[in-house]
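Down below is the structure, laid out as structure tokens.
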Amino acid sequence: MGLVLYNTMTRRKEEFRPREDGRVLMYVCGPTVYNYIHVGNGRAYLVFDVIRRYLRHKGYEVFYVQNFTDVDDKIINRAREEGKAPQEIARFYERAFREDMQALNVLPPDVSPRATETIPQMLEMIRTLVEKGHAYVVDGDVYFSVESFEGYGKLSGRSLEEMRAGERVEVDERKRHPMDFALWKASKPGEPAWESPWGMGRPGWHIECSAMSLQHLGMGFDIHGGGQDLIFPHHENEIAQSEAYSGAGPFVRYWLHNGFVNIREEKMSKSLGNIVLVREILKHYPADAVRLLALQTHYRSPIDFGPEALEEAKRALERIENCLFALDSFVARPPARVAPARTQREVELSDSFFDFERRFEEAMDDDFNTARAMGVIFELVKELNSYLDEQQRFQTPASPMVASHGRDVLLRLCRVLGLLAPTAQGEGEDVACEDAGKGEGDSLPTAESLVELLLEVRAMARERKQFETADFIRSRLREMGIRVDDLREGQRWKFVGKEE
Ligand code: AMP
Ligand code: ZN
41 MGLVLYNTMT RRKEEFRPRE DGRVLMYVCG PTVYNYIHVG NGRAYLVFDV IRRYLRHKGY
101 EVFYVQNFTD VDDKIINRAR EEGKAPQEIA RFYERAFRED MQALNVLPPD VSPRATETIP
161 QMLEMIRTLV EKGHAYVVDG DVYFSVESFE GYGKLSGRSL EEMRAGERVE VDERKRHPMD
221 FALWKASKPG EPAWESPWGM GRPGWHIECS AMSLQHLGMG FDIHGGGQDL IFPHHENEIA
281 QSEAYSGAGP FVRYWLHNGF VNIREEKMSK SLGNIVLVRE ILKHYPADAV RLLALQTHYR
341 SPIDFGPEAL EEAKRALERI ENCLFALDSF VARPPARVAP ARTQREVELS DSFFDFERRF
401 EEAMDDDFNT ARAMGVIFEL VKELNSYLDE QQRFQTPASP MVASHGRDVL LRLCRVLGLL
461 APTAQGEGED VACEDAGKGE GDSLPTAESL VELLLEVRAM ARERKQFETA DFIRSRLREM
521 GIRVDDLREG QRWKFVGKEE
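Under my numbering, think of the first position of the sequence shown as 41, with each following residue one higher.
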């Protein structure tokens, strides 16, 4: 069985089959840019970053769109408070968002459309919805008529009757049904406004995401994501508008929603005033600790956020880092004159690596169960630590290849999840771990031990300031597909394949 994921629409796990073989089209609701993002928002973007990375790891080409909502009441209010133009506020917090994402090592989207740059597409959609009788105009506002769309409520599992009964706020007399929502809002003086057939105005939030996702991905794209608070009304409304507009469905094949970050069992949110900013946390904790905290819980479950949880995540991260460091030091030990044969223990350990990788993949294939996948990673850490411990105690001549292979497997699994990954800017550059650890041999001196020998010669050359020789060895190795990095602790090499 391949990848299975929980679809909010059908409320069950389904086998994942993208519209187009080998390609995944994905849209995630981006931020409304009027403030720095908090850890709850951060979780949403981390979750979809991990999902995107895993899909890539499975061999899919992923096209990822994430918008900026840069026109909204909240932006206008903020601008008013600060005596600035709304556009200035929006651009400032858009930049801040990009910085936060980079600091969290979230890969940048392939396209980040802004709402204000997609107005013509929105107007076209709204015009069609009015023409088709799905929307009506009142005093320069345009509302979507939820009763005109048969499937309204299918994502959130609510019926229109329930919604009407549950409506507590004072009903706007101008609306035909209390759940009707604005596609277009007539502007008040001093607000950002665009010309439209209904007078000067600006779009409603929901139509923005429909227009931007349809523009870049078309009807029936694969994955639409966001936090669980967006299921209703935002995503319900996106479906209604898009399917009513196109006259066909479905708008989206798989709906994915992340659980909340809570503080003392309450959702972290600006309105409750219990937020912790991503940039504040990153002053005190490494980004990978925050990522690890997110990974240790299944993406649909809530996370209780607090200093203890973060401290624990930091310690867990250190366990992985320490293990990698110990493996590095072990591998960097001067090699034996002839590579020793692997012991039975080493043969078994090597074989078990495949099993770790398989279990990791099984966990991730099961609706991106990162909590279980992290469990596998920590078991591997434990196994590698005990191997290193035995080596320390018994001082047997060890094949550095086993430790080196273990190190590569551990790093590779972490990196699939974006942990200890090269920075987002350099993404795609480091493919080293994909191919490392191949071609292990155990009796004749192996190619690996010859590489080690060459590196010893290179180290000697460098000591004697014969840099030409050192560079020559490095560049010839690179031509053969072996990359050498000079680290503080010494040289590290990896088989990365020949350069194109
Ligand atoms: P917003 O800017 O409020 O639209 O939020 C941006 C993203 O963060 C959306 O996908 C929200 O669903 C998500 N989000 C907001 N608050 C939380 C929270 N406390 N926990 C998890 N996700 C959240
Ligand atoms: Zn959206």
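By construction, the Cβ of each residue, glycine as well, lies at the ideal position given by its N, Cα and C atoms.
For residue i, the three-state DSSP class (helix, strand or coil)
i, result
"H324", "helix"
"R504", "coil"
"E190", "coil"
"L459", "coil"
"M219", "coil"
"N47", "strand"
"A476", "Here the model assigns A476 a pLDDT of 32, short of 50, so the residue's position is not dependable and the matter cannot be decided."
"K98", "coil"
"E306", "strand"
"F535", "strand"
"D395", "helix"
"D368", "helix"
"R138", "helix"
"R63", "strand"
Own chain partners of residue i with C-beta closer than 8 Å, once the 5 adjacent residues on each side are dropped
i, result
"M41", "E55, D405"
"R359", "F418, V421"
"D212", "P218"
Length of the line joining the Cα atoms of residue i and residue j
i, j, result
"D150", "F434", "52 Å"
"D368", "M441", "11 Å"
"E305", "L332", "20 Å"
"E139", "R92", "19 Å"
"E60", "E101", "10 Å"
"V44", "E401", "12 Å"
"A472", "G458", "Because A472 sits at a pLDDT of 30, beneath the cut-off of 50, its placement in the model cannot be relied upon, and the point is left open."
"G521", "V491", "12 Å"
"D511", "R498", "8 Å"
"K538", "R514", "14 Å"
"E320", "A381", "51 Å"
"N302", "I343", "6 Å"
"D475", "P243", "With a pLDDT of 31 at D475, under the threshold of 50, the predicted position of this residue should be treated as unreliable, though the coordinate-derived value follows. If you take the alpha carbons of D475 and P243, they lie about 49 Å apart."
"T410", "H256", "29 Å"
"K307", "V387", "49 Å"
"Y425", "L350", "In the sequence as presented, Tyr is not what sits at residue 425; that position holds Asn. Going by the C-alpha atoms only, they are around 24 Å apart."
"D113", "G80", "21 Å"
"V33", "A461", "Residue 33 lies beyond the range of the chain shown here (41 to 540); nothing can be said about it."
"P326", "F365", "17 Å"
"R118", "A136", "15 Å"
"F108", "E134", "7 Å"
"L428", "V456", "24 Å"
"Q431", "R373", "12 Å"
Beta-carbon contacts of residue i that lie in its chain and below 6 Å, excluding the five residues immediately before and after
i, result
"Y46", "K53, D407"
"D110", "V73, A130, R154, A155, T156"
"R293", "D262"
"S286", "M259"
"V146", "Y85, D89"
"E488", "M441"
"R96", "V102"
"R340", "G299"
"M49", "L195, W295"
"A334", "R83, L86"
"E122", "none"
"M252", "N107, P153, T158"
Beta-bridge partners of residue i, as assigned by DSSP
i, result
"A175", "F184"
"P243", "W224"
"F56", "Its beta-bridge partners do not exist; DSSP assigns none."
"V68", "Q106, G265"
"Y294", "I263"
"V542", "Because the chain here runs from 41 to 540, residue 542 falls outside it and cannot be looked at."
"H78", "L317"
"G530", "L527"
"W234", "G241"
"V301", "I343"
Cut-off 7 Å between Cβ atoms - residues of its own chain near residue i, not counting five sequence neighbours on either side
i, result
"I572", "In the structure displayed, the chain extends from 41 to 540; residue 572 sits before or after that span and is not available."
"S236", "L163, W224"
"V68", "F88, Q106, G265, G266"
"L169", "A175, F184, L223, Q281, A284, Y285"
"D181", "A222, W224, K225, A226"
"R523", "A472, W533, K534, V536"
"A403", "N409, R412, A413, V416"
Do the stretch 268-276 and the stretch 163-180 make contact, defined as three or more Cβ pairs closer than 8 Å? No, the stretch 268-276 does not touch the stretch 163-180.
Between the stretch 271-280 and the stretch 188-204, are three or more C-beta pairs nearer than 8 Å? Segments in contact, yes.
Touching or not, the stretch 225-233 and the stretch 306-316, by the rule of three or more beta carbon pairs under 8 Å? Result no; under three Cβ-Cβ pairs closer than 8 Å.
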